[in-house]
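Trainee: Right, I'll just put the structure down here and ask away after.
Protein chains: 2
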Amino acid sequence: MSYNHSPSITAETINQKVRIFTYEPCGEIVRHARRLEKEIYENPGSLPFQEIIYCNLGNPQALGQRPINFFREGVRGLREAVADGIAARDGFPSKPDNIFLTDGASSAINMMMQILIRSHEDGILCPLPEYPLYSASIILHGGTMVPYNLTEDSIWGLEIFEVKRCLEDARASGLTIRAMVVINPGNPTGQVLSITNQEEIVEFCRKEGLVILADEVYQENVYTENKRFNSFKKVARSLGYDHHDLSIVSFHSVSMGYYGECGRRGGYMEICGFGDDVIDEMYKLASLTICPNIAGQILISLVMDPPKLGDEAFEIFMVEKEETYSSLLKCAKALQKAFSGLEGVSCNKFEGAMYLFPRLRLPQAAIKAAQLEGVSPDVFYAHRLLDATGIAVVPGSGFHPVSGTSHIRCTILPGEETITAMVPSLQAFHEAFMDEFRG
Amino acid sequence: MSYNHSPSITAETINQKVRIFTYEPCGEIVRHARRLEKEIYENPGSLPFQEIIYCNLGNPQALGQRPINFFREGVRGLREAVADGIAARDGFPSKPDNIFLTDGASSAINMMMQILIRSHEDGILCPLPEYPLYSASIILHGGTMVPYNLTEDSIWGLEIFEVKRCLEDARASGLTIRAMVVINPGNPTGQVLSITNQEEIVEFCRKEGLVILADEVYQENVYTENKRFNSFKKVARSLGYDHHDLSIVSFHSVSMGYYGECGRRGGYMEICGFGDDVIDEMYKLASLTICPNIAGQILISLVMDPPKLGDEAFEIFMVEKEETYSSLLKCAKALQKAFSGLEGVSCNKFEGAMYLFPRLRLPQAAIKAAQLEGVSPDVFYAHRLLDATGIAVVPGSGFHPVSGTSHIRCTILPGEETITAMVPSLQAFHEAFMDEFRG
């Protein structure tokens, strides 16, 4: 029944450009120094010296101080904190050595595309509408995006038969499909996958030998009573599959959730089901940019290891978190109501993430006016909205939805007061826009 | 005499993979919102609204607060501070719009390679020995590295006829040479280029239509009395060349100098002599990873705009800076003396940066022992050194020097006390090593 360890991804089948370059400042001699350091720590006196003197890199030892051991232990400690947090969240073990700390999720996603894509004959399955980092990163690394459509009419549901059809078509056209991207909760579409749906995806990817690239950055942004976030790793483990059966990469970030610390650029990816040879290549690739910023590393470890009952910070933390959630929920409801009440606009049910993605059915005259300006109708509408009200939204075409449909993506984040003030302005604009073009 | 604006680099001649992807969350609508924001600031009351409501991105507005205008002004303010600092350093103007703030210099270097390299027929001139990020990044982005040798016997001097020879050979083999990398002060080689030499390089690159990729991260690490750091932009402007004549990119970072804040990941690149169409593509590429971390952005602006005479912080700042420099210089001298005194070792004159790059002439028996272990002699020596003393250096082969030569790269950073303690240990090891293999 089960497949071999990481059936499709080995050091032989990753992007060979990653393999052939060398980067010795963080290379074998440093790994060996780390091993010796561990030996000194575990068996003091076993080596002819008491410490490692790092003369390899130009790093913060610059100020006349020797490197503080705590700092180095600490860096591993941050990955341990992340792994412990994942284990507590999922109820399944997580290993620090499988955690890569990153400058936000975006750089981690770029790195995985760089590892997986060897040529334009390598395809990556991606949802449409999509967060456009995916198509951009696939194009940049020379691969082929293989889109599968989410179904707007069933709350942007993911139909596995549709994904299967796309996979088969792509294979028939000569592509090798390496991975499937799933964004859960969805961006820009705001849906939360059901566990049954996730199980189907796991079975599908296992059977077809695809890496699951699980964009789980909105895991703390679920607002619906009857669904909760489940990581793909948890779903896979619950089905009895371990790292021999399936490769899963989970991306997370400090930029979302109740923390929303975008400017800190903190994040991690947990990689499960990859061999040590692949991990070595990923480590080499990551070391090209030296390290993610330390403040972001610390912050992501705190996000995954928040204050617990009994901790001094616990009460204030919980109050702030609840206040943020309840405020976000109020904002989402107010905006959803406002969009749904506009003529020709239908708004998706908001289950998670931080966006509404209302669909616009614009009058033919507006569509023609857009054509005259050489832009798509959603871009035309978004520019008009901005010029009239100062409200900046993203035209939906940037997220590549089914062609012929028009959307805008609007965050729920501007705050209750601003949203209360902006809703009448949005309504007045829309009414005037429709009056102008209704014909 | 002079060439057209950016002769080789236009939106048509950059990597077309960069051009074809779209990334709308930071796209045209956001640029338009910024223009409107500027209009409100400059002409209050001129628009039908008083502020822009950013509903496009999920960013720190999350906490019930509206975006603070100062914050947005502030981000431009940081680039202004960097540009002002460059202008004060060089005596020639610098524009904030030509500054890209980055997570350290490494990500900026990767970004430029991604912009410049279209296929393996595009070559980039790089020094040997090199900082291996260059070869790695060129390989990763599918280009061809065209090495030119620095001359060890003349303090790792850069001979322009040697570069010209390499350029011509590469062109004869069908390559298109896009740019020339110059690392000044040098890494791992520690030399500081003379101004005459820099003038030759500027003339050469102007004449041949090459972008100068100027790695100037060690600009604050010059320790020799009779040389000082000159940016390539300053040298070009002093020769009377402006942005129409020559494209120059200068990389800088908070990780070096007297500050040495590696973990903060702050940096910038100043791009001169590129058209707006190319800058737009670079902006789109940069926005894929959202932004560099804010703490690093602030820090690089402070590095370029340090306390001045009359500022409260000035005196302490100057004392700390001088102490750091004098300590680094003592360390460099002590290590240089130690390496030079070892049998079969010659050490380069240390002018700048943070490394010594001593050359090892090892006994035949040691070279044979290395061969038996399947490693190069420098790797063999570095491993023996680490195992015997705990001193971690980087084997020189990682920097790709002239083949057949052996080096190690050793930082001058571990601090005076540590260096005083490690020198006898280094000497004892080396003596024993030579005794073992002298035969």
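Chains A and B, in that order, give the protein sequences. Quick note: the first sequence uses this note's numbering, first residue 1, plus one each step. Quick note: the second sequence uses this note's numbering, first residue 1001, plus one each step. Just so you know, even glycine gets a beta-carbon here, dropped at the ideal spot from N, CA and C.
Check whether the Cβ of Pro306(A) sits closer than 7 Å to any heavy atom of the ligand SAH, and report yes or no.
Mentor: Summarising the ligand content, the structure contains no ligands, and the ligand SAH is consequently not present.
Trainee: Taking Val1192(B) as part of the alpha helix (DSSP H), name the residues at either end of that continuous run.
Mentor: The residue labelled residue 1192(B) in the question sits at position 192 within the second sequence. Looking at the DSSP string, Val1192(B) is not in any alpha helix (DSSP H), and its letter there is neither H nor E.
Trainee: Mind the definition here: the stretch 272-291 of chain A touches the stretch 246-255 of chain A only if three or more C-beta pairs lie below 8 Å; say whether that holds.
Mentor: yes
Trainee: Establish whether the CB of Lys1207(B) and some CB of chain A are separated by less than 8 Å.
Mentor: Walking along the second sequence from the start, residue 1207(B) turns up at place 207. Look at Lys1207(B): its C-beta is not under 8 Å from any C-beta on chain A.
Trainee: So, under 8 Å CB-CB, Phe1357(B) and Gly1190(B) are touching, yes? Tell me the CB distance rounded to an integer number of Å.
Mentor: Against the second sequence, residue 1357(B) aligns to sequence position 357. Against the second sequence, residue 1190(B) aligns to sequence position 190. Their Cβ separation, rounded to whole angstroms, is 6 Å, which keeps Phe1357(B) and Gly1190(B) in contact under 8 Å.
Trainee: Could you give the distance in angstroms between the alpha-carbon of Ala105(A) and the alpha-carbon of Ala1388(B)?
Mentor: In the first sequence, residue 105(A) corresponds to position 105, counting from 1. In the second sequence, residue 1388(B) corresponds to position 388, counting from 1. In a straight line, the C-alpha of Ala105(A) is about 41 Å away from that of Ala1388(B).
Trainee: Using 10 angstroms around the beta-carbon of Met304(A), count the other beta-carbons present and answer buried if the total reaches 16, otherwise exposed.
Mentor: For the purposes of this step, residue 304(A) is identified with residue 304 of the first sequence, where counting begins at 1. Buried, since its Cβ has 16 or more Cβ neighbours within 10 Å.
Trainee: Would you mind working out which of Gln1427(B), Gly1396(B) and Ile1300(B) sits nearest Glu1130(B), comparing C-alpha positions?
Mentor: On the second sequence, position 130 is the one that residue 1130(B) refers to. If we check each option's Cα against that of Glu1130(B), Gly1396(B) comes out closest.
Trainee: So what does DSSP say about Cys410(A), is it helix, strand or coil?
Mentor: One-based indexing of the first sequence puts residue 410(A) at position 410. The answer is strand: DSSP assigns Cys410(A) an E or B state.
Trainee: Count the CB pairs spanning the stretch 1332-1347 of chain B and the stretch 1371-1380 of chain B that are closer than 8 Å, and state whether there are at least three.
Mentor: no
Trainee: Among the candidates Met1318(B), Met1422(B), Asp1103(B) and Leu1078(B), whose CA atom is the shortest distance from the CA of Asp1097(B)?
Mentor: Locating residue 1097(B) in the second sequence gives position 97, where the first residue counts as 1. Per the Cα distances, Leu1078(B).
Trainee: Please check if any C-beta of chain A sits within less than 8 Å of the C-beta of Arg1118(B).
Mentor: The sequence position of residue 1118(B) within the second sequence is 118, counting from 1. So no, Arg1118(B) is outside the interface.
Trainee: Interface residues of chain B around Cys291(A) at Cβ under 8 Å?
Mentor: For the purposes of this step, residue 291(A) is taken as the residue at position 291 of the first sequence. Within chain B, Cys1262, Gly1263 and Arg1265 have C-beta atoms less than 8 Å from the C-beta of Cys291(A), given in sequence order.
Trainee: Tell me the DSSP secondary structure of Ala1179(B) in three-state form.
Mentor: Mapped onto the second sequence, residue 1179(B) falls at position 179. Taken through DSSP and simplified to helix, strand or coil, Ala1179(B) comes out as strand.
Trainee: Just mark Lys1233(B) as buried or exposed, buried being the case when its beta carbon has 16 or more other beta carbons within 10 Å.
Mentor: Numbered from 1 along the second sequence, position 233 holds the residue referred to as residue 1233(B). So Lys1233(B) counts as buried.
Trainee: Determine the chain C residues that contact Ser1326(B) at a beta-carbon separation under 9 Å, and present them in chain order.
Mentor: Looking for chain C here will not work: the only protein chains present are A and B.
Trainee: If distances are taken between C-alpha atoms only, which option among Glu1208(B), Asn1348(B) and Gly1263(B) comes closest to Asp1103(B)?
Mentor: Counting from one through the second sequence, the residue named residue 1103(B) turns up at place 103. Among Glu1208(B), Asn1348(B) and Gly1263(B), the Cα nearest to that of Asp1103(B) belongs to Gly1263(B).
Trainee: Who are the neighbours of Thr1196(B) on chain A, taking C-beta pairs under 7 Å?
Mentor: Counting from 1 along the second sequence, the entry for residue 1196(B) is found at position 196. Within 7 Å of the CB of Thr1196(B), no CB atom of chain A is found; the nearest one sits about 28 Å away.
Trainee: Identify, in the order they occur along the chain, each residue of the same chain with its Cβ nearer than 6 Å to the Cβ of Gly266(A), setting aside the five sequence neighbours on each side.
Mentor: The residue given as residue 266(A) occupies position 266 in the first sequence. These residues qualify, in order along the chain: Val254, Gly296, Leu299 and Ile300.
Trainee: Can you name the start and end residues of the beta strand (DSSP E) that Met1145(B) belongs to?
Mentor: Walking along the second sequence from the start, residue 1145(B) turns up at place 145. Bounds of the beta strand (DSSP E) holding Met1145(B) are Thr1144 to Asn1149.
Trainee: Can you give me the C-alpha to C-alpha distance between Glu1121(B) and Leu140(A), rounded to a whole angstrom?
Mentor: Counting from one through the second sequence, the residue named residue 1121(B) turns up at place 121. Counting from one through the first sequence, the residue named residue 140(A) turns up at place 140. One C-alpha to the other measures close to 18 Å.
Trainee: Can at least three beta-carbon pairs, one atom from the stretch 1214-1230 of chain B and one from the stretch 1176-1192 of chain B, be found at a separation below 8 Å?
Mentor: yes
Trainee: Since I believe Tyr1258(B) is in contact with Glu1220(B) (beta carbons under 8 Å), could you give me their beta-carbon distance rounded to a whole number of angstroms?
Mentor: Within the second sequence, the letter at position 220 stands for residue 1220(B). Within the second sequence, the letter at position 258 stands for residue 1258(B). Between Tyr1258(B) and Glu1220(B) the Cβ distance is about 6 Å, and since that is below 8 Å, they are a contact.
Trainee: What would DSSP say about Ser267(A), mapped onto helix, strand or coil?
Mentor: Reading the first sequence from its first residue, position 267 is the one you call residue 267(A). Strictly speaking, residue 267(A) in this sequence is Gly, with Ser absent from that position. Strand at Gly267(A).
Trainee: Answer with yes or no whether the minimum CB distance from Met1434(B) to chain A is below 8 Å.
Mentor: Translated into positions along the second sequence, residue 1434(B) becomes position 434. Met1434(B) does not count as touching chain A.
Trainee: What would DSSP say about Tyr1218(B), mapped onto helix, strand or coil?
Mentor: Residue numbering aside, residue 1218(B) sits at position 218 when the second sequence is read from its first letter. Coil, per DSSP.
Trainee: Run down chain A in chain order and give the residues with a C-beta less than 9 Å from the C-beta of His1383(B).
Mentor: Counting from 1 along the second sequence, the entry for residue 1383(B) is found at position 383. The contacting residues are Glu28, Ile29 and His32.
Trainee: Under the three-state reduction of DSSP, which class applies to Val1375(B): helix, strand or coil?
Mentor: The count along the second sequence starts at 1 and reaches residue 1375(B) at position 375. The three-state secondary structure of Val1375(B), taken from DSSP, is coil.
Trainee: On the DSSP bridge assignment, give the partners of Pro272(A) in chain order.
Mentor: Walking along the first sequence from the start, residue 272(A) turns up at place 272. In the sequence as presented, Pro is not what sits at residue 272(A); that position holds Cys. Paired residue(s): Ile248(A).
Trainee: Can you name the start and end residues of the alpha helix (DSSP H) that Thr418(A) belongs to?
Mentor: Taking the first sequence and counting its residues from 1, one reaches residue 418(A) at position 418. Counting along the chain, the alpha helix (DSSP H) containing Thr418(A) begins and ends at Glu416 to Phe437.
Trainee: Taking its Cβ as the centre, do 16 or more other Cβ atoms sit within 10 Å of Met318(A), making it buried, or is it exposed?
Mentor: Here the question's residue 318(A) lines up with position 318 in the first sequence. Per the 10 Å Cβ criterion, exposed.
Trainee: Are the beta-carbon atoms belonging to Leu193(A) and Leu125(A) less than 8 Å from one another?
Mentor: Looking up residue 193(A) in the first sequence gives position 193. Looking up residue 125(A) in the first sequence gives position 125. Not closer than 8 Å, so no.
Trainee: With C-beta atoms as the reference, is Val1018(B) less than 8 Å away from Glu1281(B)?
Mentor: Reading the second sequence from its first residue, position 18 is the one you call residue 1018(B). Reading the second sequence from its first residue, position 281 is the one you call residue 1281(B). In contact: Val1018(B) and Glu1281(B) (Cβ atoms closer than 8 Å).
Trainee: With a threshold of 8 Å between beta carbons, is Ser403(A) in contact with chain B?
Mentor: Indexing the first sequence from 1 puts residue 403(A) at position 403. Cβ-Cβ to chain B under 8 Å: no for Ser403(A).
Trainee: For Pro401(A), which residues in the same chain have their Cβ closer than 7 Å to its Cβ, ignoring the five residues on either side in sequence?
Mentor: Looking up residue 401(A) in the first sequence gives position 401. Closer than 7 Å at Cβ, skipping near neighbours: Leu128, Pro129 and His407.
Trainee: Could you pull out every residue in the same chain whose Cβ sits closer than 7 Å to the Cβ of Ala108(A), ignoring the five residues on either side in sequence?
Mentor: Translated into positions along the first sequence, residue 108(A) becomes position 108. If we look at Ala108(A) and ignore the five residues flanking it on each side, its Cβ neighbours are Phe100, Thr102, Phe251, Gly267 and Met269.
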